Amino acid sequence: MKSIWKGAISFGLVNIPVKMFSGSQSHSLELDMLRKGDHCQVKFKRVCGDDGKEIPYSDIVKGYKYQGGDYVILTNEDFEKANVEKTHTIDIVNFVNEDEVNSVFYEKPYYLEPEKSGSKPYVLLREAIKKSKKVGIARFVMKNREHMGVIKVYKDALIYNQMRFYDEIRDPGELTIPEGKVTAKEIDLALTLIKQLNDKFDAKEFKDTYIDDLKKIIEQKAKGKTVKAKGKAPKPTNTKNLMSLLKKSLEGKAA
Numbered sequence: 484m485k486s487i488w489k490g491a492i493s494f495g496l497v498n499i500p501v502k503m504f505s506g507s508q509s510h511s512l513e514l515d516m517l518r519k520g521d522h523c524q525v526k527f528k529r530v531c532g533d534d535g536k537e538i539p540y541s542d543i544v545k546g547y548k549y550q551g552g553d554y555v556i557l558t559n560e561d562f563e564k565a566n567v568e569k570t571h572t573i574d575i576v577n578f579v580n581e582d583e584v585n586s587v588f589y590e591k592p593y594y595l596e597p598e599k600s601g602s603k604p605y606v607l608l609r610e611a612i613k614k615s616k617k618v619g620i621a622r623f624v625m626k627n628r629e630h631m632g633v634i635k636v637y638k639d640a641l642i643y644n645q646m647r648f649y650d651e652i653r654d655p656g657e658l659t660i661p662e663g664k665v666t667a668k669e670i671d672l673a674l675t676l677i678k679q680l681n682d683k684f685d686a687k688e689f690k691d692t693y694i695d696d697l698k699k700i701i702e703q704k705a706k707g708k709t710v711k712a713k714g715k716a717p718k719p720t721n722t723k724n725l726m727s728l729l730k731k732s733l734e735g736k737a738a
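Those letters in the sequence shown? Residues 484 to 738, by the working numbering.
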């Protein structure tokens, strides 16, 4: 793996030099965009909005539109100067119980590997987190913006789980959510079904099977075969049949 950032974890007055690596990878199927008529590959170019000429990447700078429409150009050095400490430090602000952090805030995991000089304090922090059964809430700047995240232990490695800020989560109050209008018997049956389906979570049991299905479609089309749809779209449950469908679910019958 290639590191995407180097800096330090700030734990009180202790600075632990670390390298950051992406902790996830995508398995999406890469599809090219083509012109419908002749399957010519569509390519995107960076062009000037005024004269339409293509601009080399080396000539592109970042600018902020200021008063009067004039642009203030920002360099990489400017982004760092805004707060040198934050651009080089994952600053642990406090420690909390992990169950206090709602999963809606989690965004993306990153692995943290210590530099040689930071091995001992790295192990110290890791073992302290394990024994405390807490997670660290930290601030960190990456890609020209500040993030918050959780530092925890995963398979003896410290990971930084990047999080969304509170004001980035949309209020579900904007949705039309129904109030509870179900019977006690319906709830009991639903609880029985939950108990029947209860199991221990094992991430290894889950994979993106849709990609495999899509590859089969590609193989069929490549061989000139007729493509048949797999499965069928579900129909909304009629509330009058709710009890009978719950009972059939418990019996293991297809609804």
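Yeah, the Cβ is synthetic: ideal placement off N, Cα and C, and Gly gets one too.
Since the model is a prediction, treat every value here as computed from it, not as a measurement.
Expected contact under 8 Å - CB spacing of residue i and residue j to nearest Å
i: I499; j: P604; result: 5 Å
i: N627; j: F562; result: 5 Å
i: A491; j: T572; result: 6 Å
i: L641; j: L608; result: 7 Å
i: L595; j: M503; result: 6 Å
Cβ-based neighbour list, residue i, same chain, cut-off 7 Å, excluding 5 preceding and 5 following
i: G601; result: I499, P500 and V501
i: S505; result: I487 and Y593
i: I694; result: H510 and L512
i: Q645; result: E590, K591, Y593, H630 and G632
i: M625; result: W488
i: L725; result: E669
i: D679; result: Note that residue 679 is Gln in the sequence shown here, rather than Asp. Excluding sequence neighbours, Q679 sits near L733.
Residue burial classification, residue i (beta-carbon count within 10 angstroms, cutoff 16)
i: S493; result: buried
i: Q524; result: exposed
i: F648; result: exposed
i: P822; result: There is simply no residue 822 to check, as the chain begins at 484 and stops at 738 in what is shown.
i: R518; result: exposed
i: A712; result: exposed
i: F689; result: exposed
i: I652; result: exposed
i: D540; result: The amino acid at residue 540 is misidentified as Asp; the sequence shows Tyr. Classification for Y540: exposed.
i: K613; result: exposed
i: F623; result: buried
i: T659; result: exposed
i: L514; result: exposed
DSSP bridge partner residues for residue i (one or two, in chain order)
i: R622; result: D574 and M631
i: G474; result: A query on residue 474 cannot be resolved here, the shown segment of the chain reaching from 484 to 738 and no further.
i: K489; result: K502
i: F588; result: F588 pairs with nothing; no bridge assigned.
i: M646; result: Y589 and M631
i: E596; result: K502
i: V579; result: V618
i: Y554; result: K548
Residue i: CB within 7 Å of a non-hydrogen atom of the ligand FMN
i: I670; result: The ligand FMN is not part of this structure, which contains no ligands at all.
Same chain, Cβ closer than 6 Å to residue i, five either side skipped, listed in chain order
i: V555; result: Y547 and Y549
i: R529; result: I538
Residue-chain proximity (residue i, chain C), Cβ-Cβ < 8 Å
i: K617; result: The question asks about chain C, but that chain is absent: this structure has only one protein chain.
Report yes or no: do the stretch 577 to 596 and the stretch 604 to 619 share at least 3 C-beta pairs separated by less than 8 Å? yes
Touch test, the stretch 532 to 550 against the stretch 669 to 679, Cβ-Cβ under 8 Å, three pairs minimum: no
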